[in-house]
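Novice:
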Amino acid sequence: MTPRQFPVEESLSALIHECVVELLEHRAADDTICPSEAARILGGELNVEWRDLMRPVRDVAARMADQGRIDILQSGRPVDIRDARGPIRLRLRRKHDRGH
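If you're matching positions, the sequence shown starts at 8 in the numbering used here and goes up one per residue.
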């Protein structure tokens with residue numbers, strides 16, 4: 008079996024987005040995931056080193072937070088992922104926080 012070609016950036020972003028949403032939707036309402044969970048899953052599926060996917064996962068998470076889809080947390084508090092250093096967690100934004 009030959010390894011799959013690394014997808015173009017837009018396709019990779021879509022895969023990351025889908026993976027993050029799927030992981031979060033299968034958790035309890037306030038549960039979180041580590042971005043590395045998505046990177047590890049996709050790394051295995053794409054046959055690439057998961058650590059190489061951490062920057063793209065963080066970039067997609069930033070866009071998802073900007074769109075109001077998820078919260079980025081550090082030590083249980085919302086943070087801007089662009090400023091956060093160290094471990095972060097991702098959580099689906101609560102519907103009442105999205106204005107619904």
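A virtual CB, placed ideally from N, CA and C, is assigned to each residue, including glycine. All values reported here derive from a predicted model rather than from experimental measurement.
Is Ile40 helix, strand or coil by DSSP?
Specialist: DSSP places Ile40 in strand when its eight states are reduced to three.
Novice: To the nearest angstrom, how far is the alpha carbon of Asp73 from that of Arg89?
Specialist: Asp73 and Arg89: Cα-Cα distance of roughly 11 Å.
Novice: Please report the distance separating the alpha-carbon of Glu32 from that of Leu99.
Specialist: Rounded to the nearest angstrom, the two C-alpha atoms are 8 Å apart.
Novice: Assuming Val27 contacts Met71 under a Cβ cut-off of 8 Å, what Cβ separation, rounded to an integer in Å, is found between them?
Specialist: Going by Cβ atoms, the distance from Val27 to Met71 rounds to 7 Å, so yes, they are a contact pair.
Novice: Rounded to a whole number of angstroms, what is the C-alpha to C-alpha distance between Leu80 and Ala45?
Specialist: The alpha-carbon atoms of Leu80 and Ala45 are separated by roughly 16 Å.
Novice: Can you tell me whether DSSP reads Pro63 as helix, strand or coil?
Specialist: Helix.
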